[in-house]
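K.L.:
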Amino acid sequence: MNVANVVTMNITFLSPVFPTDLKRQSLPFSYLDVVVASTDGATHDVQLYTDITAGKTASGIHCHRSLADQTYSEWVSGDRTAIAEWQYGVEPTTAAPSTSAVTSRIRRANPIKPAASDGIAYHQIYRQTQLAFSEVLDQTEYGNIYYATDDSADLSFQSGADVDVRAQFTTNGVLANSNDTNYRAINDDYPTFAFAVNLGDVGSTAVSTLFTVGLAQEQAVQFDGAQGDTIVPSLWTSYYASDLAALSFFHTDFETASGLADTFDNKVAGDANAAAGADYVTIASLAVRQAFAGTFLTGTPDTPYLFLKEISSDGNVNTVDVIFPSHPIWLYTNPQLLKLLLDPLFINQESGQYPNMYSMHDVGAHYPNATGHPDGMDEMQPLEECGNMLIMTLAYAQRANDDAYLTQHYKILNQWTQYLIEEALIPANQISTDDFAGALANQTNLALKGIIGIGAMAQIANITGNDADAANYTNIAQDYITQWQGFGIAYEADPPHTTLAYGMNDTYGDLYNLYGDLELGLGLVPQSVYEMQSNFYPTINERFGIVLDTRHDYVKNDEMLLAAATCSKATANILIGDVATFINETPTNRPLTDLYIGMTGDYLPDITFTARPTVGGFFSLLALS
């Protein structure tokens, strides 16, 4: 940001991702690093301001009496009439391990920091009446919000009404070091929690100020597991004695964390560029933190779980057909993460707490309540979910060399296979993962997933020494895929292609379920089908991609990139280019969506998907390497 053409602020928001370091990954905080430097050759007396409120945030810089920027978002509760309470304190720092060789992109200008004491100054804000395991408008209603920075003689703080606190800074360039004790509703004179740092005379040598923000909840999820309903703690509680201890570690770990983030981001960029070029770097880089942000590590180091929220739809927990499109990023970054997502689903069903013979849709109706569906009344997507569970379980075992996992869950995997044998070839009138598209009988793509699921079970049986099952399921899968080609391919079309549903030769769809055959190396689907679809997609491509199916005019970009991985390099580049163009030219203005109108790139009139972890599917090509 340019401030009055004399000072710049380089503002970095960093949520570091540590796929193989579960201790660091478990920490529920993010960094805000503000680097200030003069740009006109002179020195300037600069004061830096930033705040959060129970209802909105602002930040800015005081240079020649101007507040340069204000941005707003929501914090403590989705209920704006809820009473917020707060306090201010200073926590002694606990030195975090560092790596002397780290060179952070955030500190590439080698900025200096204001002199700090041995403490971290923090505002702690929380809902006065905590509603454990509850959400309002998809916002959590319990836990402590923290906003923190290094304590120093140059730091001032204040809490109070937004207009009063901000006026104090804009008028004086310093805060009053006072704490408002009039606890009140979020929307009542918006309680505001601010820091101001006197940076002094700032010249061309950059000065850096670090802030940490996050939500600490000691109790993370209610889970209906093998022992019945239990409260699962946040994983970070196993490593830190308190939320302030966790906050202190995270804040002082910045140099190491940002260096590790650089290493990880550079790996993603390098691998994506090698796989499909610059457009793919754009796509993969943007998807990483959105996918990870939809998950949370819980449990203990000996028994960790990863819970996922189906964001911006219905809030389900560990939805099988949300894990499926996201699963390429888990395979690429750390296959154990996929296991940690699947484990709660296996545990709940294998303990007899789900009455249906097919796979459940999710392990809880709304996050953070993973309390199962003992009445069996979850959203009914039996063919979809049975296929997904079989494919993902084998994919994990292959990447992690964990054959024991297949043996452990063989009984229920075999149970789901029986359902697929009965239902996959000629699907009943049911919904797929794209439930918003509506139910339809004889869906070609849905049938393919079920058949690939049977093929996956043939491999599972072979690996686990169940030779008779392996031979039987191999024969069934091969027979089904031969019949499927006769039912679901419009051979007379120009060019030929698979149909949306059997016999509907004037229809088509995104055959993204072909990805399961490719990633597992089954060789079940003939190469001619791969080539046929690869040749077909460019003939139906719209400005921002291929439509999901001919019933509607919208694109599902995560599933389109699953399809792209099954195509020739030329076709894959077209589809990847579509998504990159959408990202760069989209009229949408919220966190990345996975569903939009193919010609305009805008949201659907009645559905707005944002911030969903399904974008992990963008890693479809990388998960194959």
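In the numbering used here, the protein residues as written are 13 to 637. No residue lacks a Cβ here, since even glycine has one placed at the ideal position from N, Cα and C.
1) What does the Cβ neighbour count give for residue 543, buried or exposed, with the cut at 16 atoms within 10 Å?
2) Please classify residue 87: does DSSP put it in a helix, a strand, or coil?
3) If we count the other Cβ atoms within 10 Å of its Cβ and call it buried at 16 or more, is residue 503 buried or exposed?
4) Taking the C-alpha atoms as reference points, what is the distance between residue 81 and residue 14?
5) With distances taken between CB atoms, is the gap from residue 335 to residue 195 smaller than 8 Å?
6) According to DSSP, what are the bridge partners of residue 99?
7) Name the two residues that bound the continuous beta strand (DSSP E) containing residue 203.
8) Have a look at residue 175 and residue 519 and give me their C-alpha separation to the nearest angstrom.
9) Can you tell me where the alpha helix (DSSP H) holding residue 469 begins and where it ends?
10) What separation, rounded to the nearest whole angstrom, lies between the Cα atoms of residue 451 and residue 204?
11) Taking just the CA atoms, how far does residue 104 sit from residue 39?
12) If residue 470 and residue 489 are in contact, beta carbons under 8 Å, what's the gap, nearest whole angstrom?
13) Check whether the Cβ atoms of residue 630 and residue 299 lie closer than 8 Å to each other.
14) With DSSP run on the structure shown, which of helix, strand or coil describes residue 597?
15) Buried or exposed, going by whether 16 or more other CB atoms sit within 10 Å of the CB of residue 365?
16) Can you list, in chain order, the residues of its chain whose CB lies under 7 Å from that of residue 114, leaving out five sequence neighbours each side?
17) From the DSSP output, which residues share a beta bridge with residue 346?
18) According to DSSP, is residue 21 helix, strand or coil?
19) Counting C-beta neighbours from all protein chains within 10 Å, is the total for residue 253 16 or more, i.e. buried, or is it exposed?
20) Using only alpha-carbon positions, find the residue among 23, 29, 534, 625 that is nearest to residue 274.
21) Apply the 10 Å Cβ neighbour rule to residue 77 and answer buried if 16 or more other Cβ atoms are within range, or exposed otherwise.
22) Note the first and the last residue of the continuous alpha helix (DSSP H) segment covering residue 298.
23) Use the C-beta contact count for residue 117: other C-beta atoms within 10 angstroms, 16 or more gives buried, fewer gives exposed.
24) Leaving out five residues on either side along the sequence, give the residues of the same chain with a beta carbon under 7 Å from the beta carbon of residue 438.
25) Hey, would you say residue 620 sits closer than 8 Å to residue 324, going by beta carbons?
26) Taking residue 526 as part of the alpha helix (DSSP H), name the residues at either end of that continuous run.
27) Just to confirm my understanding: we take residue 6, look at its own chain, exclude 5 residues before and 5 after, and list those with CB closer than 7 Å. What are they?
28) Which residue marks the beginning of the beta strand (DSSP E) containing residue 156, and which one marks its end?
29) So, is residue 581 buried or exposed, given that buried needs 16 or more other C-beta atoms within 10 angstroms?
30) Residue 385 by DSSP, collapsed to three states: which one?
31) If you draw a straight line from the C-alpha of residue 159 to the C-alpha of residue 89, how long is it?
32) Grouping DSSP H, G and I as helix and E and B as strand, with all else coil, what is residue 609?
P.N.:
For this structure:
1) On the sequence shown, residue 543 is found 531 positions in, with the first residue counted as 1. Exposed.
2) As a first step, residue 87 must be located in the sequence shown, where it is residue number 75. Correct three-state label for residue 87: coil.
3) For the purposes of this step, residue 503 is taken as the residue at position 491 of the sequence shown. With fewer than 16 other CB atoms across the displayed protein chains lying within 10 angstroms of its CB, residue 503 is exposed.
4) The sequence position of residue 81 within the sequence shown is 69, counting from 1. The sequence position of residue 14 within the sequence shown is 2, counting from 1. Here residue 81 scores only 40 on pLDDT, less than 50, and its place in the model should not be relied on; the value that follows carries that caveat. Each residue's alpha carbon lies about 10 Å from the other.
5) As a position in the sequence shown, residue 335 is number 323, starting the count at 1. As a position in the sequence shown, residue 195 is number 183, starting the count at 1. No, Cβ-Cβ distance for residue 335 and residue 195 is not below 8 Å.
6) In the sequence shown, counting from the first residue as 1, residue 99 sits at position 87. Beta-bridge pairing links residue 99 to 136.
7) Counting from one through the sequence shown, the residue named residue 203 turns up at place 191. Residue 203: member of the beta strand (DSSP E) spanning 203-214, first to last residue.
8) Here residue 175 refers to the residue found at position 163 when the sequence shown is read from its first residue. Here residue 519 refers to the residue found at position 507 when the sequence shown is read from its first residue. When rounded, the distance between both Cα atoms is 58 Å.
9) Sequence index remark: in the sequence shown, residue 469 carries index 457 (1-based). It spans 456-475 - the alpha helix (DSSP H) in which residue 469 sits, taken as one unbroken run.
10) Within the sequence shown, numbered from 1, the residue matching residue 451 stands at position 439. Within the sequence shown, numbered from 1, the residue matching residue 204 stands at position 192. Separation of residue 451 and residue 204 (C-alpha to C-alpha, rounded to the nearest whole angstrom) is 48 Å.
11) The residue given as residue 39 occupies position 27 in the sequence shown. The residue given as residue 104 occupies position 92 in the sequence shown. Each residue's alpha carbon lies about 18 Å from the other.
12) Here residue 470 corresponds to residue number 458 of the sequence shown, with the count starting at 1. Here residue 489 corresponds to residue number 477 of the sequence shown, with the count starting at 1. About 6 Å; that satisfies the 8 Å criterion.
13) Taking the first residue of the sequence shown as 1, we reach residue 630 at position 618. Taking the first residue of the sequence shown as 1, we reach residue 299 at position 287. Yes, Cβ-Cβ distance for residue 630 and residue 299 is below 8 Å.
14) By one-based count along the sequence shown, residue 597 stands at place 585. Residue 597: helix per DSSP, three-state reduction.
15) In the sequence shown, residue 365 corresponds to position 353, counting from 1. That one is buried.
16) To locate residue 114, count along the sequence shown from 1; it is residue 102. In this predicted model, residue 114 has a pLDDT of only 30, less than 50, meaning its place in the structure is not dependable enough to derive any value.
17) Residue numbering aside, residue 346 sits at position 334 when the sequence shown is read from its first letter. None; residue 346 has no bridge partner.
18) As a position in the sequence shown, residue 21 is number 9, starting the count at 1. Judged by DSSP in its simplified three-state form, residue 21 adopts strand.
19) Sequence index remark: in the sequence shown, residue 253 carries index 241 (1-based). Here residue 253 is exposed: its Cβ has fewer than 16 other Cβ atoms, across all protein chains shown, within 10 Å.
20) The residue you call residue 274 lines up with position 262 of the sequence shown. The shortest Cα separation from residue 274 among 23, 29, 534, 625 belongs to 29.
21) As a position in the sequence shown, residue 77 is number 65, starting the count at 1. Interpretation of residue 77 is limited by its pLDDT of 30, a score under 50 that renders its predicted location unreliable; no figure is taken from the coordinates.
22) Counted from its first residue, the sequence shown places residue 298 at position 286. Element bounds for residue 298: 290-305.
23) Stepping through the sequence shown from its first residue, residue 117 is reached at position 105. With a pLDDT of 32 at residue 117, under the threshold of 50, the modelled position of this residue cannot be trusted; read the value that follows with caution. By the neighbour-count definition (other C-beta atoms within 10 Å, threshold 16), residue 117 is an exposed residue.
24) To locate residue 438, count along the sequence shown from 1; it is residue 426. Within the same chain, and ignoring the five residues on either side of residue 438 in sequence, the residues whose Cβ sits closer than 7 Å to its Cβ are 454.
25) Locating residue 620 in the sequence shown gives position 608, counting from the first residue. Locating residue 324 in the sequence shown gives position 312, counting from the first residue. Yes, the pair counts as a contact, with Cβ atoms nearer than the cut-off.
26) Residue mapping note: residue 526 aligns to position 514 of the sequence shown, counting from 1. In this chain, the alpha helix (DSSP H) harbouring residue 526 covers 526-532.
27) It is not possible to answer for residue 6, since the shown part of the chain is limited to 13 through 637.
28) Here the question's residue 156 lines up with position 144 in the sequence shown. Residue 156 -> beta strand (DSSP E) spans 156-162.
29) The residue given as residue 581 occupies position 569 in the sequence shown. Residue 581 is exposed by the Cβ-count criterion.
30) The residue labelled residue 385 in the question sits at position 373 within the sequence shown. Residue 385: coil per DSSP, three-state reduction.
31) Position 147 of the sequence shown, counted from the first residue, corresponds to residue 159. Position 77 of the sequence shown, counted from the first residue, corresponds to residue 89. Put simply, the backbone Cα of residue 159 is about 16 Å away from that of residue 89.
32) Locating residue 609 in the sequence shown gives position 597, where the first residue counts as 1. In the three-state DSSP reduction, residue 609 falls in the strand class (E or B).
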